[in-house]
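In this note's numbering, the protein residues as written are 7 to 188.
A short worksheet on the structure shown next.
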Amino acid sequence: MNLAENYDVVIVGAGPSGSTLARLLASNGLSTLLLEKEKFPRLKPCGGLVSVRALLELDFKVDEVAKEIYRKAKIFRPQGDFVELESHSPIAIGVSRAEFDNFLVEKAMAKGAGFEDAQMVRHISVSPEKAEIVTSKGLKVTGKIVVGADGVNGIVARVARIRGSWRPSEVASGLVSEMKLG
């Protein structure tokens, strides 16, 4: 393992969000480390559909990992009804998450991001200057910033108290909203 100890940014979770952010940050000259708890490529049973809206945010093609192209969709709502979409243009692609996620990690590494898989984050301690991260295999690194791309139940959310009480000055939020057609 030939790793630096200190990074500008350490990202926990190498799914599409984590690896895409790692690629962007490394492209802009920030020393970036991407940590993933599973050995890659790994099976991921959820989220094998990628919207064209998401694909338009990428500055590269994903044709080599696209399995299906979808022009129709039926979206079921909690109220019990559904919305049907049909388009001449693609609205989404289907992917194998193992292949897609691995593809995105490779894109991040090509831009200079570090990547360590099979490294479950066990401990994060935060000070005003840095965060120290320790993994299940004893890897110890620091980052000026730690990004949680490991899900709402991940260790970063627990450390940041996302699921508990937190002060608004401690957390930034983002929102994407889908609007009903017609």
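Where is the CB? At the ideal position from N, CA and C, for every residue including glycine.
Excluding the 5 residues flanking residue i on each side, which residues of the same chain have their C-beta closer than 6 Å to its C-beta?
i, result
"A28", "I17, T38, L40, A114, A119"
"T71", "Reading off the sequence, residue 71 comes out as Val, not Thr. The answer, listed in chain order, is V101, E105, F106, F109."
"N12", "T148"
"I99", "V56, A72, I75"
"V165", "I130"
Please classify residue i as buried or exposed, where buried requires at least 16 neighbouring CB atoms within 10 angstroms.
i, result
"L31", "buried"
"P84", "exposed"
"V127", "buried"
"E92", "exposed"
Out of the options, which one is the CA nearest neighbour of residue i?
i, options, result
"K205", "S33, T26, V58, S25", "This structure gives no information on residue 205, because the portion of the chain shown stretches from 7 to 188."
"L62", "P47, E44, C52, P96", "P96"
"L49", "A20, D14, K80", "A20"
"F46", "V132, C52, R103, I161", "R103"
"I161", "P134, V140, E122, K146", "V140"
"G54", "E112, G144, P22", "P22"
"S133", "V152, Q125, T26", "V152"
Based on the DSSP secondary-structure assignment, which residues constitute the bridge partners of residue i?
i, result
"T141", "V127"
"E122", "L41"
"A79", "L91"
"L27", "Its beta-bridge partners do not exist; DSSP assigns none."
Spatial neighbours of residue i within its chain, please: CB distance less than 7 Å, with the 5 preceding and 5 following residues excluded, ordered by chain position.
i, result
"K2", "Shown here, the chain extends from 7 to 188; a query on residue 2 therefore has no answer."
"F82", "F88"
If I measure Cβ to Cβ from residue i and keep anything under 8 Å in the same chain, skipping five residues before and after, which residues do I get?
i, result
"L187", "For L187, the predicted structure reports a pLDDT of 45, less than 50, and the residue's modelled location is therefore unreliable. The matter cannot be settled from this model."
"E122", "M7, L9, L39, L40, L41, E42, T141, L145"
Taking one C-beta from the segment 153-169 and one from the segment 57-72 each time, how about it: are there three or more such pairs within less than 8 Å?
no
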